[in-house]
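Per my numbering, the sequence shown starts with residue 394, numbered consecutively. For glycine and all other residues, C-beta sits at the position ideal for the given N, C-alpha and C. Here the structure is a predicted model, which is why all the values come from computation and not from measurement. Data first, discussion second: the structure below is written as structure tokens.
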Amino acid sequence: MNIFFGEDASAQLLMLTNNYDKFFVLTDENIYKLYSSLIASLVPEKEVVKIVIPAGEDSKNIENVMLIWTKLLESKAGRDSLLINLGGGTISDIGGFAASTYKRGIDFINVPTTLLAMIDAAIGGKNGINFNNYKNQIGLFSEPKCVIINKHFLKTLNERDVKSGLAEMMKYAFIADASFLDLDSDNYLDFIEKAATIKEDVVSLDMNESGLRKMLNFGHTVGHALESYYLDKENYLTHGEAVALGIYSALYLSVKYCGLDEKWLFFYEMWFKGNLNVLNLNDFDVDSIYEYISHDKKNKGGKPQFVLISAPEKPQIDIEVCIEDIKESISILLNKFSE
Ligand SMILES: NC(=O)c1ccc[n+]([C@@H]2O[C@H](COP(=O)([O-])OP(=O)(O)OC[C@H]3O[C@@H](n4cnc5c(N)ncnc54)[C@H](O)[C@@H]3O)[C@@H](O)[C@H]2O)c1
């Protein structure tokens, strides 16, 4: 799969028009408001069918998948059709899933509009939706034809969503490339190409996550549990915020289980406080949060498996961690990072 940046991105989109007869654009209401004229002219001289769903994590559900399938069916979409997922990770996750399951799969491409989607979610072909309040429970692996990254979209992204992407980007510092330790809220634009390339390189070596790709889940075991726990609460967490907290837990456990130097835990705490927002994590219940971990897709024999590190760039996969230690790490981080 190819990733195209900047000027190459527009050229690539033009070239694609020759391969298909029908074009569909899936986006959310916020993006549609901001970019309706761009959407109308996205594919020159071709009609584009718009599919617009409400914004946010709540939209990653089966009702919206049915809405997308219905629109595709009504417009007689077939193998000559291309679905363009224009949006953040919510749109690429649900759009990739809907396209890959409709008539056993039609082609789709991702045009990410958030930082988090540019450096992670839009790349790698993990598609899916939430189910019964659990994250990403229904889904499949299926790669987009390409990913087209245009940083101009970030000009309209709000601060909370920029910081959400920043946290997800920081994970690369620990698992793959220590130069990301210099990442901050002023210089993040310079790291986008590098981050997207790391993700694509890892995926290309292990598409179905049987080994190497697991390292990308660093921070996600506790992160997903926190995201699910706060999902329907007023003080909900964005995906990146939840992962940012999960990274703290993973580093805490890495000190205990993999001999990671404790200085990295302090480094990360300072980085988090200096670059990310203070969060409202009141009313937490560690046992209920742990309950979500017990449903994690990556558990083996019912036991949680963590990605930890022994040093930056030295990920260790499939580390079994005892329940008490997981709960301890959650209590500590919730107290540490709440306002
Ligand atoms: N499949 C994967 O490999 C993978 C990896 C990481 C995350 N994810 C998923 O990605 C999702 C989170 O993605 P996200 O953080 O991009 O959230 P998102 O797609 O929900 O977007 C966040 C908000 O930003 C708005 N927005 C998007 N682009 C904008 C722009 N250019 N200008 C102004 N507003 C804009 C959206 O309308 C939304 O309100 C989660 O569901 C997560 O599970 C998937």
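Judged by DSSP in its simplified three-state form, S485 adopts helix. DSSP, read as helix, strand or coil, puts C651 in helix. Separation of the CB atoms of Y645 and S681 is rounded to 20 Å, and the pair is thereby denied contact status at 8 Å.
In this structure, the straight-line span from the alpha carbon of D554 to that of L576 is close to 16 Å.
An exposed status is given to N728, since fewer than 16 other beta-carbon atoms sit within 10 Å of its beta-carbon.
A distance below 6 Å between beta-carbons, with the five flanking residues on each side excluded, links L726 to the following residues of its chain, in chain order: L638, Y641, S642.
When the beta-carbon positions are compared, K592 and I710 stay at least 8 Å from each other.
Boundaries of the alpha helix (DSSP H) harbouring E721: 716-730, taken from the DSSP string. The continuous alpha helix (DSSP H) containing D554 extends over residues 552-568. Taking the C-beta atoms as reference points, L574 is found no nearer than 8 Å to P697. Here E456 carries a helix assignment [DSSP, helix/strand/coil]. Restricting attention to alpha helix (DSSP H) runs no shorter than 4 residues, the stretch 467-531 encloses them at 482-494, ordered along the chain.
Apart from sequence neighbours up to five positions away, the residues of its chain that approach L624 with a beta-carbon distance below 7 Å are E450, N526, ordered along the chain. Here K496 is exposed: its Cβ has fewer than 16 other Cβ atoms, across all protein chains shown, within 10 Å. In the three-state scheme derived from DSSP, where H, G and I count as helix and E and B as strand, L609 is classed as helix.
Contact check for P537 and F501: beta-carbon distance about 5 Å, within the 8 Å limit, so the pair qualifies.
In this model, M459 and K443 are separated by some 15 Å (Cα to Cα). When Y683, G612, I702, R606 are compared, the shortest CA-CA separation from G652 is found for I702. Per the coordinates, the alpha-carbon of K519 lies some 14 Å from the alpha-carbon of C539. Proximity of the stretch 502-510 to the stretch 480-494 meets the contact definition, three or more beta-carbon pairs being nearer than 8 Å. In this structure, the beta-carbon distance from V441 to I432 falls below 8 Å. Straight through space, the alpha carbons of N529 and S430 are spaced by roughly 32 Å. Secondary-structure assignment with DSSP links I444 through a beta bridge to L419. Closest in C-alpha terms to N395, from the list L605, K649, V596, comes V596.
The criterion of a C-beta distance shorter than 8 Å is not satisfied by I568 and I522.
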